Every structure is written in structure tokens, then in C-alpha cells.
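S.K.:
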Amino acid sequence: MVTALETDPLALYFFMPIHATATAWVLETNQTAYVLGLNAKGMLVHCYWGVKLPRVSDYPVPAESEGWSSFNAGGGLLPEEFPTYAGAKYIEPCLKLTFADGVRDTVLEFDSAKVEGNELQIHLRDTFYALRITLHYHVLENVDLLERFVTVHNQSDTAITVERFFSAQFHPPLHSNYRLHHLAGAWLKETQVQHETLGIGTKVLESRRITTGHQHQPWFALDNLEQPATETTGHVWFAALAWSGNWKLTAEKTIFGGTRVSLGLNDWDFALRLEAKRSFSSPKCIAGFSSAGFGAASRAFHGYVQTILPHPEITRKVLYNSWEATAFHVNEADQVKLAEIAKGIGVELFVLDDGWFHNRHSDNAALGDWWADKSKFPNGLNPLIEKVNALGMDFGLWLEPEMVSVDSELYHAHPDWVIHFPTRARTEMRNQLMLNLAKSEVQDYLIGILDKLLEQHNITFIKWDMNRNVSEPGWLEHHEPKEIWLRYVEGLYRVWGTLRQRHPDVIWQSCSGGGGRADLGILQFADQIWISDMTEPTMRLRIQEGYSQIYPANTMEAWVTDMGAKHLPLEFRFHVSMAGLLGIGTNLHHWSETEIATATRLVQAYKTVRHVIQFGNQYRLRSVFISNFSSLMYVTKDQSEAVIFAFRTHIPDPVKLPAIHLQGLEPTTQYEINGTIRSGSAWQHVGLEVNLTDFSSVMLHIKRVEP
Ligand code: GLA
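For the working numbering, count along the sequence shown from 1 and bump the result up by 988.
1) Closest by CA to Q1627, which one among I1601, E1559, S1615, L1645?
2) Quick one: does the C-beta of C1035 sit closer than 7 angstroms to a heavy atom of ligand 1?
3) Do you know how far the Cα of G1246 is from the Cα of H1163?
4) According to DSSP, is W1311 helix, strand or coil?
5) How far does the alpha helix (DSSP H) with G1534 in it extend, from its first residue to its last?
6) Would you call the region 1512-1523 and the region 1541-1556 touching, i.e. three or more CB-CB distances under 8 angstroms?
7) Buried or exposed, going by whether 16 or more other CB atoms sit within 10 Å of the CB of D1682?
8) Hey, out of P1005, T1149, S1058, A1051, whose CA is closest to R1043's CA?
9) Going by the DSSP bridge assignment, what does F1351 pair with across the sheet?
10) Closer than 7 angstroms to a non-hydrogen atom of ligand 2 - does that hold for the CB of C1499?
11) Are W1496 and I1450 close, meaning C-beta to C-beta below 8 angstroms?
12) For E1320, does the three-state DSSP call read helix, strand or coil?
13) Are E1524 and V1181 closer than 8 angstroms when you measure CB to CB?
14) Examine the Cβ distances between the region 1104-1120 and the region 1007-1016 and report whether three or more of them are shorter than 8 angstroms.
15) With which residues is G1235 paired in a DSSP beta bridge?
16) Tell me, to the nearest whole angstrom, how far the beta carbon of E1129 is from that of T1017; I am working on the premise that it is less than 8 angstroms.
17) Return the chain-ordered list of same chain residues with a C-beta closer than 6 angstroms to the C-beta of N1309, the five sequence neighbours on each side being excluded.
18) In this structure, does DSSP put I1198 in helix, strand or coil?
19) Pick helix, strand or coil for T1586, following the three-state DSSP scheme.
20) Would you kindly work out how many angstroms separate the C-alpha atoms of A1567 and F1603, rounded to a whole number?
21) Alpha carbon to alpha carbon, how far is L1186 from L1168?
22) Could you please give the first and the last residue of the uninterrupted beta strand (DSSP E) stretch that includes R1608?
23) Any idea which residues DSSP pairs N1142 with across the strands?
24) Check for me: the beta strand (DSSP E) holding E1016 runs from which residue to which?
25) Let me know the secondary structure DSSP gives H1599 once reduced to three states.
26) Counting beta carbon pairs with one atom in the region 1212-1226 and one in the region 1482-1498, are three or more of them shorter than 8 angstroms?
27) Going straight from the alpha carbon of N1027 to that of A1074, what length do you get?
28) Going along the chain, which residues of its own chain have a beta-carbon closer than 7 angstroms to the beta-carbon of T1549, five neighbours each way excluded?
29) If you draw a straight line from the alpha carbon of H1204 to that of L1609, how long is it in whole angstroms?
30) I believe A1259 touches E1069 by the beta-carbon criterion, under 8 angstroms. Please report the beta-carbon distance rounded to the nearest angstrom.
31) Please return the same chain residues whose Cβ sits closer than 8 angstroms to the Cβ of K1364, not counting the five positions on each side in sequence.
32) When you measure from the CB of G1380 to every non-hydrogen atom of ligand 1, does any distance come out below 7 angstroms?
33) Determine the closest residue to L1529 out of R1418, F1560, V1693, with distance taken between C-alpha atoms.
34) Taking the alpha-carbon positions, what's the T1588 to G1332 distance?
35) Which residue comes first and which comes last in the alpha helix (DSSP H) that contains D1114?
36) Can you tell which of R1152, R1136, L1398 has the C-alpha that lies nearest to the C-alpha of D969?
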């Protein structure tokens, strides 16, 4: 096959990782390639996404199509890189807008391309209107990923209305049947792994809740049904959206053998008024291809997350959160008692949850009034913080900044700051309403009051909660009320970003009734996610495994509580939490001396291995979705140490458990486990036998045997 890159005399080989000619672009990471080019009709067509090939000339040229009948014009049959709503395509477009004169077709042609180092920009222009589109590609060769986003430039003298604006469309190879892997959930059961064969038609996953949502993650992975991928083998195409608001994924399969998956802002109830001479950029989409199964795909994302986290290098502290112990009934003396016990166990960060602020005695009142309640803390929070610090622990605090209770000083002063429609009742959920963070005065209020709180107290950790979703999404005074979906999230990012900038050492946790706001957008502000309010360990194992498809262990807060205490030993409950960022959330007054001693031993054990868990590579060895004997493993980047967790829940027969096949070890290096020394290769292929009875677990620390 002759490629454009071979025949084009203008071929300019810029330095890796982007090779460009006048009409084709090859984007290469260490192991993968993504290729696009212009076909003879000038359409920008996706050409290839898969294993990196030896020569640039190996990649296919852009496809052509004459169409198939009067009902199927060529455009709809081709894997167009960024299809707009135009002509006779009838496929899911990435862009739909209305020009000032009412025209709704957007007909783009190639304008120019620019390569700078790892970045490619492709500029497209409308054939009639002063509208330009820039497709941005950023090659992250070391983590084998591609970052994509799109900018729309309205260069005309009149406003346009953008009604759909996706960040990317992806085209796995034509004429294959794909399985779609995604994560579904609800409060208390987030990130449950789903697999389904894509049939003809369009599958939609989305959030309409103004936040990422518990229900789905803005992520997909595809494998080929005829050559299914496993954790360690096979081809996987995958992507996720870095956005904390309404999002949409469409996975469309046509009778002509095309599969296209789009990801971006949700177009449901959406409109963006783009004024004359203004531009707007979409959220980023991060995409990759793995030829070594789902495990490698996840590790690519885990590597990427380290590049966006505010504090990727900081060892996360063992925390205690007093919510389950004291709920809303907090005061200095009781918190100090809990802090003393926590300190004895080895806790390093003490977090005061809800109930501490002005008039907050139940969930009926007070949200918005972020100053200490005088009846509970007569001298403010500082005496408690000083005592916690004197015990040698850091102090953290719970906040729910986006919310307001009707019974609060803030609501009485600014009832109009709430998201609402004037002629409709304001639906309360957990007795609370949502502040309209799209409004700059609301953002400024929150920045002001929270900045003061952080300035006046030695607070090094904030749990940022959000306990409801939107309703009556009104913002009628705005020139385009449907922009609320977008501007709310931008407002949230502004508030959080400003506070983060002013208080760079604070570690933030993103919580929304557990994992309602876990995404690659929020991880630019929050280092940690409270991934679920569910702390029963057998369910938690599933949630954690789902979460690990995208996000790494050093973002995954996991507390030991008394959920599951009736059927699971404390050690099992600890092991589940030790597989992430260990925390304790139980009422410590209820633990016996024996339990305190076990907890102390396990916190100490965690501290000796947490560098492996928090900074190592993760391998899912046995899925909890497949078997009641599950296992996972972390290996340091230099492959000198590893930690294995194995969990057995209920298996009816007293069977001998199968060997666990380890991964990630250096094949010829010797490793010792429980007195047995074998090569990494032997631990992988012969495996490790563990002897577990029902509802028991084990954690093993493996070290390289020095020659
Ligand atoms: C939410 C959180 C809990 C706790 C309460 C406090 O439910 O998920 O962990 O912080 O709010 O009201």
C-alpha cells in the first residue's frame, strides 16, 4: 500500500512524536499510533489507531467513499475525524450550532495545520461564515496517551449559538464487533464494571445532574468481540473526559461496519451563546490504545493522573474522620477524646466532619454559614486544632460550599443566589438548595469566606462535599440560561482553583455523597476522592476495582468502619482500605482493647508498605466481579518491592484456592514471599498459593532478593 506520507514530496518529518505531511499526521507514543489525514475530497478522516508500526509509511491512507445509494451519501460512511451537523450524514456529530441568520449547517474545510513539539493543531474553517475550529492533539508519549480538545472561534460580528460541542470522536477499526466496557452505579454502589456488545444503533451514557454523577463515569473501553481482551492481553481502545459537569458519551454502530464513540459536554438542555470575536474550548478528552489488555489501559490512566494531581509526590497520611462517631453533635472535648485515641492507633490526620458551623445541629439548617458554632466551639476552632496539632496530627475540616439551607443567614440575605425557576417550587433534597456557582458574586462570596477560614486556621485538609444534584436549573437573568450547565462547573473550578492557589499546601478531597464527583477534571484540584459512602468491605471491593479502571490508588480514600463488622474480621476490613489511602471512620469509643491493638498493628503495617501502594503500579490479579477469591497487587516502579492483597469471601466448597499469578515483577529477578524464593517469572507463571478460609484476607510484602 502506498501512503500519502510516501508519495508526498513535501513530506516534512518533524521530530518525533508527530510526523506530518501536507495532508496526513501520524501521532506516535512509545507504543501506539493515531493517524489522521485529508482524503481526495478534502475531508479530514481518521486513518488508524493501534499498535505503533515500524515505519511511518506503514500506516493506511485516508479512506474515500462515493456513498452507497441516494439514501447514504459518502460523508456518513467515512470515519470523519470531527463530524459536524451538515449535509447528508445522519451520524452523531461533534458540533451543532446556529448562525445568526438561522442557518444550522456547519460546513468545514481544511485550513492549515501546525506542529509544535508534542502538539498538533488542525485548523478548519467554515466555507461561508467567519467560523474556525481548531482540533488540538497533545501526544503524551511516556504514558501512551493522547489529550484532545477542540476550540471554536467565532470570528464574525454576530453571536452564534452552539448546541452540541463534543471534545472528540473515536473510530476503532472498521468492520469489527465491539464490546463496550463502562462503569455504572448509584449512591452506595458506584463504579460497577459493565460489559455489553454494541449492537446497531446508538448507546448513550450521560450525566444531567450538573456534576459527574454516581450513575456513570465519563469513560469507555472497547475490545473486539472476536478477539476479546483480558486484563493482560488483547487490544483495548479507551478514553475519558476531564469534566465535572453534564457530559455525554455516544457509542454508535452502523450497518456499514463503522463504530464511532464520542465524548464531550452534554447537549441535553444545552446552549452556549458565543459572542462575536469570542472563542470557546471544550474540556479535554484523554484517550489511549493498549495491546496488553485492560490492566495496561488502567495503568496508562494512573500514570496520567500523576501528571495532573496537585500533589502527586506527597505521601498521603492515615486519617481519622469523626462523622460516624459524633455526627452533628460535635464539641471540643469529645473531638479531643477521639483525637487522642486516633493518635494512639497511629493516625496522622484528624478530620472534623459536619456539624461544626454556625447553627448546624441537624441537616435541616445552616449550610452556607461557614463559621464555627458558638455553642459548640465558644472560642472557635483554634483551641481544638491546637490540641490536635499538639498530639502530632494534622487537622482537616468538612465543607459543603455549593449548598445552602433555607434556614441560614446566607439564604436570608441572598435567596436569589439559589438555582431556581421563579414560578416553580425550589425542590429541596436533604433539606438543602444549590447555590448558583455560575454567578460571579456567588463565586466571590465562597472564595472570600473560605479563604478567611483557611487563613485563620491551621487546616491542611478539606473534605469538599456535595450532597444533592440540581433541580429547576434556572438562571433566567442570564442572556443564555442554558449555559448554566457549563458556567456552574467553570465557577466551581474558579472557586476551587483560587483557593488552591492561595493555599497550595492544603490537600482537598472531592466527595459528593461518596463518588458523585470523581473525574479527571476535579483531580486537577482535589488530590483525593471519597469514592463511596459504602464502606461494607465486600461491596467496597467491587467499587474499588471499578474505580481502578481509571483512577490510581493514591487518589482513593478508603476508611475502615463498622460496616461489615458482623461478618468480617477487622483485619479483612483493614486490608480492603489498605489497598488505597487508609483512613478510619468508625466510633473509636466502640472498639475493644483488642480491636485497638489490631488497628494499631495494621496502621503500622500500612505505613511500611504505603510507598508501594501510593506510588507503585497496580495490577488486578483476580477480579472480584468474577470470583469470591479476588486479588490485586502493587509493584514499585523499580520492581524491587511489591504488595499483594487477596480476599476470600464466601465460597461454599472447602476448595483449594487456585494459585494467584503475579504480575509486574522483573522476570529474571529473585523475589521472596513467605520464605520461598523464586524468579519474577515463576511467581507469574507458577503463581502464589495462599491459604484462606471464608471471609479472610492476606496482605504480603514482597522484596527483591539482593544478589
Ligand atoms: C455526606 C458524606 C458523609 C458525611 C455527611 C455529613 O453524606 O458522604 O461522609 O460527610 O455527608 O453530613
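Even for Gly, the Cβ is constructed at its ideal location relative to N, Cα and C. All values reported here derive from a predicted model rather than from experimental measurement.
M.R.: Per the coordinate set shown:
1) I1601
2) Outside the cutoff, so no.
3) 6 angstroms
4) helix
5) Bounds of the alpha helix (DSSP H) holding G1534 are 1525-1535.
6) Flag = yes, the region 1512-1523 and the region 1541-1556 touch.
7) exposed
8) P1005
9) The question names Phe, but residue 1351 is Asp in the sequence shown. Partner(s): none; D1351 has no beta bridge.
10) For ligand 2, the structure offers nothing, since it holds only ligand 1.
11) yes
12) Residue state for E1320 is assigned as helix, using DSSP reduced to three classes.
13) Taking 8 angstroms as the Cβ cut-off, E1524 and V1181 do not qualify as a contacting pair.
14) yes
15) It should be noted that the sequence gives Trp, not Gly, for residue 1235. W1235 is bridged to L1253.
16) 4 angstroms
17) V1339, D1341, G1573
18) coil
19) Residue state, collapsed to three classes: helix.
20) 12 angstroms
21) 6 angstroms
22) 1605-1610
23) L1119
24) 1012-1016
25) helix
26) no
27) If you draw a straight line from the Cα of N1027 to the Cα of A1074, it comes to about 18 angstroms.
28) E1312, T1523, G1573, T1574
29) 24 angstroms
30) A1259 to E1069, Cβ: 25 angstroms. No contact.
31) V1318, N1319, E1320, G1343, W1344
32) no
33) The shortest Cα separation from L1529 among R1418, F1560, V1693 belongs to F1560.
34) 7 angstroms
35) Run containing D1114: none in the alpha helix (DSSP H); it sits in the beta strand (DSSP E), 1107-1114.
36) The chain is shown from 989 up to 1695; residue 969 falls before or after that span and cannot be answered.
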